[in-house]
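Okay, so here's the structure we're looking at.
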Amino acid sequence: MRTTGYIILVLSVFLIGFGVTLRYGVPFVEDGAAQPLAAPAASASDTLSGHFTNCDGPQRVNCVVDGDTFWFAGDKIRILDINTPETSSPQCDREYALGVQATERLTELLNAGPFSMESGPEDTDRYGRLLRRVTRGGRNLGEVLIDEGLAERWRGYKGNWC
1 MRTTGYIILV
11 LSVFLIGFGV
21 TLRYGVPFVE
31 DGAAQPLAAP
41 AASASDTLSG
51 HFTNCDGPQR
61 VNCVVDGDTF
71 WFAGDKIRIL
81 DINTPETSSP
91 QCDREYALGV
101 QATERLTELL
111 NAGPFSMESG
121 PEDTDRYGRL
131 LRRVTRGGRN
141 LGEVLIDEGL
151 AERWRGYKGN
161 WC
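Quick note: the sequence shown uses full-length UniProt numbering, first residue 1, plus one each step.
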């Protein structure tokens, strides 16, 4: 009888864990982010560059707002096809922490060398930001953030990072 109770307990724990994984997805590693990948190498077609910092004052020339938005040469750019955790109005502490990581990582990626930008189907979003795919050496920097667990593919609505 004891063995049966033990087996039922183990199976129950397994099934609950499996159900949670199905419902909420696989848990993030270390608070959400995988290990950073090497920044893609630049190619001859990558001609844009600048020194990027965090946006923290009224001057917005070359700075990063968050993991999917930055200013370049005075233009506000929204990276196409991704969404990152919010830092300005996060829903929880975890989202804020991941948002800070995504912001820092985008800053690193932009500072890692020359890059290229290309327009998508629409030039601007409803906030007036330029919508651009940002690449280096043909590699989409948004995909790098996705691969590192710091962004998700844009599905037309914000995801839940909590």
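Beta carbons: idealized from backbone N, C-alpha and C, even for Gly.
Thinking residue i and residue j are a contact (beta carbons under 8 Å), I'd like their distance in whole angstroms, please.
i	j	result
LEU80	GLY142	7 Å
PRO36	ARG129	With 8 Å as the limit, PRO36 and ARG129 do not qualify as a contact, their Cβ atoms being about 26 Å apart.
ALA73	VAL61	7 Å
Per DSSP, what kind of secondary structure is residue i in: helix, strand or coil?
i	result
GLY120	strand
ASP66	strand
ASN160	coil
LEU106	helix
For residue i and residue j, what's the separation of their Cα atoms in angstroms?
i	j	result
GLU118	GLY137	13 Å
ASP46	ALA39	14 Å
ALA70	GLN59	The question names Ala, but residue 70 in the sequence shown is Phe. Roughly 13 Å separates the two Cα atoms.
Could you name the residues of the same chain whose beta carbon sits closer than 8 Å to that of residue i, not counting the 5 residues immediately before and after it, in chain order?
i	result
ARG132	ILE77, ARG78, ILE79, LEU80, MET117, GLU118, SER119, GLY120
GLY159	ASN83, GLU152
Let's see if you can read the secondary structure: which residues bound the alpha helix (DSSP H) around residue i?
i	result
VAL61	Segment: none, VAL61 is in no alpha helix (DSSP H) and carries neither H nor E.
THR135	No alpha helix (DSSP H) contains THR135, which is instead part of the beta strand (DSSP E) from 130-136.
ASP75	Segment 75-79 is the beta strand (DSSP E) holding ASP75; no alpha helix (DSSP H) there.
Using a Cβ-Cβ cut-off of 6 Å (strictly less than) and excluding sequence neighbours within five positions of residue i, which residues of its own chain qualify?
i	result
VAL65	CYS55
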